[in-house]
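Novice: Take a look at the following structure, please.
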Amino acid sequence: MEQQSSLGEEQAYLDGLYRRLDGMRSEASARLAEKMKESGGTPQERSQRDSAVTMYTDQVTVLGAVENGLCFGRLDFEDGAEKRYVGRIGIFDDRGDYEPLLVDWRAPAARPFYLATAAAPLGVMRRRHIRTAGRDVVALDDEVLDLDDAGTGAHDLTGEAALLAALDARRTGRMRDIVETIQAEQDRIIRADLSGTLVVQGGPGTGKTAVALHRAAYLLYTYRQQLSKQVVLILGPNPTFLRYIGQVLPSLAETGVLLRTLGGMFPGVNARRAEPDEVAEIKGRAVMADVIAAAVADRQRVPDEPVEINVEGETQLLLRPATIRAARDQVRRTGKLHNLARPDFDTEIIHALSLQLAEKIGTDPYANDSLGGEDAPGDPIIFDEADLAQIRRELRREPEVLAVLDWLWPVLTPQQIVAGLYASLSRMTAAASGLLTLDEQEALLREPEGGFSPADVPLLDEAAELLGEEENSRRERVAELERLFQLEYAQGAIDIALGSRSVDLEDEDDPELLMGTDLLDAGRMAERQQFDAALTAAQRAAADRTWAFGHVIVDEAQELSPMAWRLLMRRCPSRSMTIVGDVAQTGDLGGTSSWDDALAPYLDRRYRLAELTVSYRTPGEIMDVAAAVLARVNPDLAVPRAVRHTGLPPWRLTGDLTTLAKAVSEWSGDGRLGVIVPTSLLGEATAALPDAASGVRADLTSPVVVLTVRQSKGLEFDAVIVYDPDRIVAESPRGDGDLYVALTRATQTLGLVAPGPIESLPG
104 MEQQSSLGEE
114 QAYLDGLYRR
124 LDGMRSEASA
134 RLAEKMKESG
144 GTPQERSQRD
154 SAVTMYTDQV
164 TVLGAVENGL
174 CFGRLDFEDG
184 AEKRYVGRIG
194 IFDDRGDYEP
204 LLVDWRAPAA
214 RPFYLATAAA
224 PLGVMRRRHI
234 RTAGRDVVAL
244 DDEVLDLDDA
254 GTGAHDLTGE
264 AALLAALDAR
274 RTGRMRDIVE
284 TIQAEQDRII
294 RADLSGTLVV
304 QGGPGTGKTA
314 VALHRAAYLL
324 YTYRQQLSKQ
334 VVLILGPNPT
344 FLRYIGQVLP
354 SLAETGVLLR
364 TLGGMFPGVN
374 ARRAEPDEVA
384 EIKGRAVMAD
394 VIAAAVADRQ
404 RVPDEPVEIN
414 VEGETQLLLR
424 PATIRAARDQ
434 VRRTGKLHNL
444 ARPDFDTEII
454 HALSLQLAEK
464 IGTDPYANDS
474 LGGEDAPGDP
484 IIFDEADLAQ
494 IRRELRREPE
504 VLAVLDWLWP
514 VLTPQQIVAG
524 LYASLSRMTA
534 AASGLLTLDE
544 QEALLREPEG
554 GFSPADVPLL
564 DEAAELLGEE
574 ENSRRERVAE
584 LERLFQLEYA
594 QGAIDIALGS
604 RSVDLEDEDD
614 PELLMGTDLL
624 DAGRMAERQQ
634 FDAALTAAQR
644 AAADRTWAFG
654 HVIVDEAQEL
664 SPMAWRLLMR
674 RCPSRSMTIV
684 GDVAQTGDLG
694 GTSSWDDALA
704 PYLDRRYRLA
714 ELTVSYRTPG
724 EIMDVAAAVL
734 ARVNPDLAVP
744 RAVRHTGLPP
754 WRLTGDLTTL
764 AKAVSEWSGD
774 GRLGVIVPTS
784 LLGEATAALP
794 DAASGVRADL
804 TSPVVVLTVR
814 QSKGLEFDAV
824 IVYDPDRIVA
834 ESPRGDGDLY
844 VALTRATQTL
854 GLVAPGPIES
864 LPG
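Its first residue numbered 104, the sequence shown is counted upward by one per residue in the working numbering.
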C-alpha cells in the first residue's frame, strides 16, 4: 500500500514536470516559427534573426531529446525539510520565486545522488531511483543511507537495484546513457577539472565510453561559455561506433559536439580506402613527418641542366641551375611555408631573368630601333629602375616564364603531395631514402584511384602544415563547406518547427493557417541565412582544418599511431584532453601498449591517470574466460572485477559456418546478437547468415549483426558468438588483444564455434 502511495506521489510530480516541459517546448517552437517568418532588414538584424533561429532550434532539439527519463531520482535530506529531484535538465517554476523543480544531473546540487554513501551520506537520508517508461512511473528503488549497512556491498555500488536492472535490460543497437546509474569511480572522472590531460584506463565493460560521453556533457554544462565557442571534439574508432553512440549526448541535453573518426579529420576528404595493416603501420610512424617534409622540399626543383625560355617568341633566356639554387635557398631562409613562399621565389627568378633580358637588349645593335629609341644603333643602353620594373611586369605575363615557375616551385595541395608520393617510386625514394627501407617504400606505392585511407589523413594534415594556404583561399574553401552544412541545417530547422508544433500553434478550425515553414523551403532559407550566424561552432570547426578545439575526447585511444597523435595535438594546443582506452585491447600494429610511450613526445608524462576497475557490462563467467587471454597480452594488467554473474557459462560448438548458421538460427534471445568473425571470413560468414546485417555500415538495430573484431570495438550485444577464435589470433597483428576484445562484447551470454579444438582458450 505504501509503495502504491509513493508511486502515485511520484507520478503526480512527474506529470507536473512534463507539463512544464511541454510548455517550454511549445514556447520555443512558437518563437522558432516566428523568427523563421521574418525576412529583410539590415545585415545586423538578419544576423540577430539567424542567431535566434539557431538558438531556438537547439532548444527544441534538446527539449525533445530529454523526453524519456526526464526525472530519474530524488534525494531526501536528513533534516526532512528538502526533497530534491534530479533529472536530465534543470526545470524551474515559472511562477513565484523561480524555485527549482528538477536539478540538472551535472549541477553541484545533484552530486550527492551519485556520491552519497552510508559512511559519507553528505546530508542525505534517502536516495530514491525513479524508473519510468515514457511518462509513467513504473518502479521505485529506495536506499536508506544507514551506517550499519556501510560497506556490505560487493563493490559499494550506488543504486544497485537500478544499476542491475539497466545492465540486464536488452540492448537496442544504440548506446544508452548511464546518467541514472553513474557510480562513484565514474563520477570522479566525469567531473574532473577541464585543464590538462586526463587518461582513463579501463578494461572491458568498465564504462569507459559512457564516462567519456557524460564527461563531454558535464564539461559543456560547467564551462559553457568557453566550450560552446571552442567546441568539444569526440574522436571514435570507426563510423559504426559513431552511429552507436550518436544518441547519447542529445539525451543528455547536449548537441554542440563534433563527432569524428580519424578518417574524417581532414575537411573535404572522406578517407575510407582499405589497405593492409602493415601499410597503415608504416604510414603511422613518426618518421613519416620527415618523409612528408622531404616530399615537399623535393617539389622545389633545381634541374641538372639550364632551362631555356623563349620570350616574345624570339628572345631566348637561359635559367642556369646555380641561379635557381640561389633563389631557392634564399626563399627557404625566410622560413615561409611552401605555397606562401611561391611569390618570393617568383620575385627572385623574375629579377634574374630581367637582368639577363636587359643585358641582351642593351647589347643588341638593333635594339634602339626596335625599342623606338633615338640613339644610334650599337650604342649601349642604360636601364633605370623604372625600365627594369617594366621588364619584370612583362616577364610575369610571359606564358613560358609562368610555366617554368610552376614547374620549379608549384603551388600544391596536400592531396597532390601525398598521392604523388604514392604514385612514383622516384619521388618516394627522393623523400624516404634513409628513412624507410626499399621494401617499405615499395609497400606504400599505389595507383592514385581509390581515394585515401584513414592512415593517410595525418599525412595530409602534415602536408597542409608545410604547404600553407593563403587566407583568401582558406576562406573560400571553408565557405564552400559551410554552404553544404547550411542547407542541411535549414532543412533541420524547418523539420523541427513542423514536427514540434504544439496544440496551441495549430488551428483546427482553419487548416489553411499560414505558418513560417510554409513561406520557406530549405534552399531559400539557406540562401537567406548568414553563414557564420546560422552555423553552429561545431559545424564551422568541421569545415576548418586549423580549428583549435577547447577539449578533445579520444575513445579507443590505444589504437592511434604516432602520426595520428601528432595531428590531434595540433588540434588541441591547450592539451585539454580526455584520453580513453585500454592498452590490453590494442589491435592496430601502429597502436600502443603504453600511455607513456604514446604521450611522451607531447606531455612528457605530465598527465593524470584514472583507472576504472569494475566491469559492469561483462558477466563474471565471461571475464573468467577472458582473464586467461589478458594474461598473455600483459600479465601486469588487472582483470576488471565483474559486478554480476548470470549463471550462464560460455558454451562451445565444433563445426564450420553451417554450424555457426544453425547456432544463430537457434538463438532465442529478444535482444541483439553479435557474431564476431575473422576478417578473412567476413564475406563467407555474411553469405552464410543472409538475414544478418554485416560490415562497417551494418545496421546495429538488426537482431543479428556480423562484424570483424575491429568493427566491433566499443560495441556491446546481449549475446555474442565468436567464430574460430584461433584464426582471429593467427591472422591479426595483435592476435590475443583482438581475441580479448571479441570475448568481452556480451552483456549476457557468450558462445564459441570453431572447426576444431580451440587452442587459444583454456578448457
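C-beta atoms are modelled at their ideal positions from N, C-alpha and C, and glycine is treated no differently.
On a predicted model such as this, the values are computed, not experimentally measured, just so you know.
(1) Starting from the N-terminal side, write out each stretch of the beta strand (DSSP E) that is 3 residues or longer and does not extend beyond the segment 713-769.
(2) Sorted by chain position, which residues of the same chain lie with C-beta nearer than 6 Å to T804's C-beta, five sequence neighbours on each side aside?
(3) I412 by DSSP, collapsed to three states: which one?
(4) Which value, in whole angstroms, describes the spacing of the CA atoms of P836 and L692?
(5) Are V823 and I779 close, meaning C-beta to C-beta below 9 Å?
(6) Measure from the alpha carbon of G143 to the alpha carbon of each residue in L135, E137, R152, then state which is nearest.
(7) Which value, in whole angstroms, describes the spacing of the CA atoms of L853 and V728?
(8) Can you find the residues in the same chain that come closer than 8 Å, C-beta to C-beta, to R573, ignoring five residues on each side of it along the sequence?
(9) Can you check DSSP and say which residues form a bridge with L810?
(10) DSSP three-state label for T540, please.
(11) Is L569 closer than 9 Å to A374 when the C-beta atoms are compared?
(12) Contact check, Y843 vs L670 under 8 Å by CB: the rounded distance?
(13) Starting from T418, trace the beta strand (DSSP E) both ways and give me its first and last residue.
(14) Given this structure, state the Cα-to-Cα distance separating A242 from A268, to the nearest angstrom.
(15) Out of P781, A356, W668, which one is the CA nearest neighbour of I656?
(16) Mind checking E662: buried by the 16 CB within 10 Å criterion, or exposed?
(17) Determine the closest residue to F195 out of R122, I233, D829, with distance taken between C-alpha atoms.
(18) CB-CB under 6 Å to Y201, same chain, minus the five flanking residues each way: which ones, in chain order?
(19) Measuring CA to CA, which of V399, R402, L420, D401 is closest to P409?
(20) By Cβ distance, which residues of its chain are closer than 7 Å to A764, with the 5 residues on each side in sequence left out?
(21) Would you list the residues sitting across from M680 in a DSSP beta bridge?
(22) Could you pull the start and end residues of the alpha helix (DSSP H) that G838 belongs to?
(23) Using the C-alpha atoms, what's the distance from A745 back to Y719?
(24) Among L110, H317, A223, which residue has its Cα nearest to the Cα of A210?
(25) What did DSSP end up calling G305 once you bin it into helix, strand or coil?
(26) My output table needs one value for V227: the three-state DSSP class, helix, strand or coil.
(27) May I have the straight-line CA-CA distance separating I192 from T160, to the nearest angstrom?
(28) Would you tell me roughly how many angstroms separate the C-alpha atoms of R436 and R363, rounded to the nearest one?
(29) What did DSSP end up calling Y826 once you bin it into helix, strand or coil?
(30) Does the segment 706-717 come within contact of the segment 420-431, defined as at least 3 CB pairs closer than 8 Å?
(31) Please list the terminal residues of the continuous alpha helix (DSSP H) segment that includes D161.
(32) Does the segment 641-657 touch the segment 542-555, meaning 3 or more C-beta pairs lie closer than 8 Å?
(33) Quick one: what does DSSP say A295 is sitting in, helix, strand or coil?
(34) Taking the alpha-carbon positions, what's the A713 to V303 distance?
(35) From the DSSP output, in three-state form, read off T364 for me.
(36) With C-beta atoms as the reference, is P342 less than 9 Å away from P743?
Specialist: On the basis of the coordinates in this document:
(1) With a minimum length of 3 residues, the unbroken runs of beta strand (DSSP E) contained wholly in the segment 713-769 fall at 754-757.
(2) Sequence index remark: in the sequence shown, residue 804 carries index 701 (1-based). Annotation for T804: G276 place their beta carbon closer than 6 Å to its own, counting only its chain and skipping 5 residues before and after.
(3) In the sequence shown, residue 412 corresponds to position 309, counting from 1. I412: strand per DSSP, three-state reduction.
(4) Residue numbering aside, residue 836 sits at position 733 when the sequence shown is read from its first letter. Residue numbering aside, residue 692 sits at position 589 when the sequence shown is read from its first letter. Straight-line Cα distance between these residues: approximately 6 Å.
(5) Residue mapping note: residue 823 aligns to position 720 of the sequence shown, counting from 1. Residue mapping note: residue 779 aligns to position 676 of the sequence shown, counting from 1. Closer than 9 Å, so yes.
(6) Here residue 143 refers to the residue found at position 40 when the sequence shown is read from its first residue. When C-alpha distances from G143 are compared across L135, E137, R152, the shortest belongs to R152.
(7) Taking the sequence shown and counting its residues from 1, one reaches residue 853 at position 750. Taking the sequence shown and counting its residues from 1, one reaches residue 728 at position 625. Distance between the alpha carbons of L853 and V728 is about 10 Å.
(8) Numbered from 1 along the sequence shown, position 470 holds the residue referred to as residue 573. Looking at the sequence provided, one finds Glu at residue 573 rather than Arg. Excluding positions up to five away in sequence, the list reads N442, L443.
(9) Sequence index remark: in the sequence shown, residue 810 carries index 707 (1-based). As computed with DSSP, L810 is found in a beta bridge with I779.
(10) On the sequence shown, position 437 is the one that residue 540 refers to. In this structure, T540 counts as coil in the three-state DSSP scheme.
(11) Taking the sequence shown and counting its residues from 1, one reaches residue 374 at position 271. Taking the sequence shown and counting its residues from 1, one reaches residue 569 at position 466. It is not a contact, given that the beta carbons lie outside the stated cut-off.
(12) Locating residue 843 in the sequence shown gives position 740, counting from the first residue. Locating residue 670 in the sequence shown gives position 567, counting from the first residue. The beta carbons of Y843 and L670 sit about 27 Å from each other, so the pair does not count as a contact at 8 Å.
(13) As a position in the sequence shown, residue 418 is number 315, starting the count at 1. 418-422 is the span of the beta strand (DSSP E), which, as asked, contains T418.
(14) Your numbering for residue 242 matches position 139 in the sequence shown. Your numbering for residue 268 matches position 165 in the sequence shown. Straight-line spacing of the CA atoms in A242 and A268 works out to 11 Å.
(15) Translated into positions along the sequence shown, residue 656 becomes position 553. Nearest to I656 by C-alpha distance, out of P781, A356, W668, is W668.
(16) Counting from 1 along the sequence shown, the entry for residue 662 is found at position 559. Label assigned to E662: buried.
(17) Residue numbering aside, residue 195 sits at position 92 when the sequence shown is read from its first letter. Measuring C-alpha to C-alpha distances from F195 to each of R122, I233, D829 identifies R122 as the nearest.
(18) In the sequence shown, residue 201 corresponds to position 98, counting from 1. The beta carbon of Y201 sits closer than 6 Å to the beta carbons of F195 from its chain, once the five residues preceding and following it are set aside; these are given in chain order.
(19) Along the sequence shown, one-based indexing puts residue 409 at 306. The shortest Cα separation from P409 among V399, R402, L420, D401 belongs to L420.
(20) The residue labelled residue 764 in the question sits at position 661 within the sequence shown. For A764, the CB contacts under 7 Å within the same chain, skipping 5 residues up- and downstream, are A791, L792 in chain order.
(21) Stepping through the sequence shown from its first residue, residue 680 is reached at position 577. For M680, the pairing in a beta bridge is given by DSSP as T300, V655.
(22) As a first step, residue 838 must be located in the sequence shown, where it is residue number 735. In the DSSP annotation of this structure, the continuous segment of the alpha helix (DSSP H) that includes G838 starts and ends at 838-846.
(23) Residue 719 sits at position 616 when you count from the first residue of the sequence shown. Residue 745 sits at position 642 when you count from the first residue of the sequence shown. Cα to Cα, the separation comes out at about 6 Å.
(24) Stepping through the sequence shown from its first residue, residue 210 is reached at position 107. When each option's Cα is compared against that of A210, the closest is H317.
(25) Position 202 of the sequence shown, counted from the start, is the residue given in the question as residue 305. Of the three classes helix, strand and coil, the one that applies to G305 here is strand, per DSSP.
(26) By 1-based counting over the sequence shown, the position of residue 227 is 124. V227 sits in a strand when the DSSP states are folded into three classes.
(27) Within the sequence shown, the letter at position 89 stands for residue 192. Within the sequence shown, the letter at position 57 stands for residue 160. Going from the Cα of I192 to the Cα of T160 covers about 17 Å.
(28) As a first step, residue 436 must be located in the sequence shown, where it is residue number 333. As a first step, residue 363 must be located in the sequence shown, where it is residue number 260. Rounded to whole angstroms, R436 to R363 spans 38 Å at the Cα level.
(29) The sequence position of residue 826 within the sequence shown is 723, counting from 1. Note: Y826 maps to strand in three-state DSSP.
(30) As far as the Cβ criterion goes, the segment 706-717 does not touch the segment 420-431, which means the pair count is below three.
(31) For the purposes of this step, residue 161 is taken as the residue at position 58 of the sequence shown. 146-168 is the span of the alpha helix (DSSP H), which, as asked, contains D161.
(32) No, the segment 542-555 is not in contact with the segment 641-657.
(33) For this step, residue 295 is matched to residue 192 along the sequence shown. A295: coil per DSSP, three-state reduction.
(34) Here residue 713 refers to the residue found at position 610 when the sequence shown is read from its first residue. Here residue 303 refers to the residue found at position 200 when the sequence shown is read from its first residue. Distance between the alpha carbons of A713 and V303: 5 Å.
(35) Translated into the one-based positions of the sequence shown, residue 364 becomes position 261. T364: strand per DSSP, three-state reduction.
(36) As a first step, residue 342 is located in the sequence shown; it is residue number 239 there, counting from the start. As a first step, residue 743 is located in the sequence shown; it is residue number 640 there, counting from the start. No, Cβ-Cβ distance for P342 and P743 is not below 9 Å.
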